[in-house]
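In what follows, a single structure is set out as structure tokens and then discussed.
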Amino acid sequence: SQQGEEDPQALSIQEGENATMNCSYKTSINNLQWYRQNSGRGLVHLILIRSNEREKHSGRLRVTLDTSKKSSSLLITASRAADTASYFCADTGRRALTFGSGTRLQVQP
Amino acid sequence: EAQVTQNPRYLITVTGKKLTVTCSQNMNHEYMSWYRQDPGLGLRQIYYSMNVEVTDKGDVPEGYKVSRKEKRNFPLILESPSPNQTSLYFCASSLGMTSGSFNEQFFGPGTRLTVL
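From first to last, the protein sequence lines stand for chains W and Z. Counting in this note's numbering, the first sequence runs from 1 upward without gaps. Counting in this note's numbering, the second sequence runs from 1 upward without gaps.
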């Protein structure tokens, strides 16, 4: 089954720095979505980018999509301690979303 | 408040004792889904439902059952739980598809299940 794979698996940065996470997927998509999960809690939708879009912004988030490379990146600018969480990409098939294993982001105050 | 609720939030049980985890959403969503989350494996889909009385297997359906008799509810049933079903379970709902594109999913708070 298709699956997004995030890279790196873990990332530790200082507050104020930018954090970049990458995602690769295997098959054609309609859209790609990014989610955030605070430890042990439910996932929260961050941003959706459609297959005909190349870049999308939402607040301090910037997502890019390269369908030729089957990859996406999530950039969090000016990170805060509260951004500490796991981040997942999810690629969309015909009938379901398939999640990767996530990137654990630690933002040190 | 728009939300997905799950009950129970925590459950410790023994092998073979049937259990049901309930899931309910108040957003009139057509699509509902169950995932399990295990360390290092991310979220894996168990079952999903595109609408009432329409359910289908996800990636890891073995040992689970679901039903969708009403739009708002999507219970997950473990007929004979085993220790390898110890996991963190999430229910999610969504409007489903719009113009062939999947919409965002709204997740419940999770159910932590331990099978002894």
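The beta-carbon is built from N, C-alpha and C at its ideal position, and this holds for glycine as well.
Is there at least one Cβ from chain Z nearer than 7 Å to residue i's Cβ?
i, result
"W:Ser48", "The question names Ser, yet the displayed sequence has Leu at residue 48 of chain W. Chain Z, which has a Cβ nearer than 7 Å to the Cβ of W:Leu48, makes this yes."
"W:Ser1", "Because W:Ser1 sits at a pLDDT of 40, beneath the cut-off of 50, its placement in the model cannot be relied upon, and the following sentence gives the value as read from the coordinates. Yes, its Cβ sits closer than 7 Å to a Cβ of chain Z."
"W:His45", "yes"
"W:Thr92", "yes"
"W:Gly59", "no"
Since residue i and residue j should fall inside the 8 Å C-beta cutoff, what is the C-beta to C-beta distance between them, to a whole number of angstroms?
i, j, result
"Z:Val115", "Z:Thr15", "6 Å"
"W:Thr98", "W:Ala90", "6 Å"
"Z:Ser80", "Z:Lys18", "7 Å"
"W:Asn30", "Z:Ser33", "With 8 Å as the limit, W:Asn30 and Z:Ser33 do not qualify as a contact, their Cβ atoms being about 16 Å apart."
"W:Glu5", "W:Ser24", "5 Å"
"W:Glu55", "W:Thr64", "5 Å"
Within 7 Å (strictly less), CB to CB, does residue i reach chain W?
i, result
"Z:Ser101", "yes"
"Z:Gly63", "no"
"Z:Pro75", "no"
"Z:Tyr89", "no"
"Z:Gln3", "no"
Can you tell me whether residue i is buried or exposed, with buried defined as 16 or more other CB within 10 angstroms of its CB?
i, result
"Z:Glu62", "exposed"
"W:Thr27", "exposed"
"Z:Asn103", "buried"
"W:Gly100", "buried"
"W:Ala81", "exposed"
Are the beta-carbon atoms belonging to residue i and residue j less than 7 Å from one another?
i, j, result
"Z:Gly42", "W:Gly40", "no"
"Z:Lys49", "Z:Arg68", "Per the sequence presented here, residue 49 of chain Z reads as Ser, with Lys not at that position. Contact: yes."
"Z:Cys91", "Z:Gln6", "yes"
"Z:Gly110", "Z:Leu88", "yes"
"W:Arg104", "W:Ser79", "no"
"Z:Tyr35", "Z:Val66", "no"
"W:Gly42", "Z:Phe74", "no"
"W:Gln33", "W:Gln108", "no"
"Z:Gly96", "Z:Tyr31", "yes"
"W:Thr92", "W:Gln106", "no"
"Z:Val54", "Z:Lys71", "no"
Are any of the Cβ atoms in chain B nearer than 7 Å to that of residue i?
i, result
"Z:Gln25", "The displayed structure is made up of protein chains W and Z, and chain B is not among them."
For the ligand PLP, is there a heavy atom less than 6 Å away from the beta-carbon of residue i?
i, result
"W:Ser72", "As for the ligand PLP, it is missing from this structure, which has no ligand bound."
Exercise. Does the pairing of the segment 21 to 37 of chain Z with the segment 45 to 56 of chain W give three or more beta-carbon distances under 8 Å?
Worked result: no
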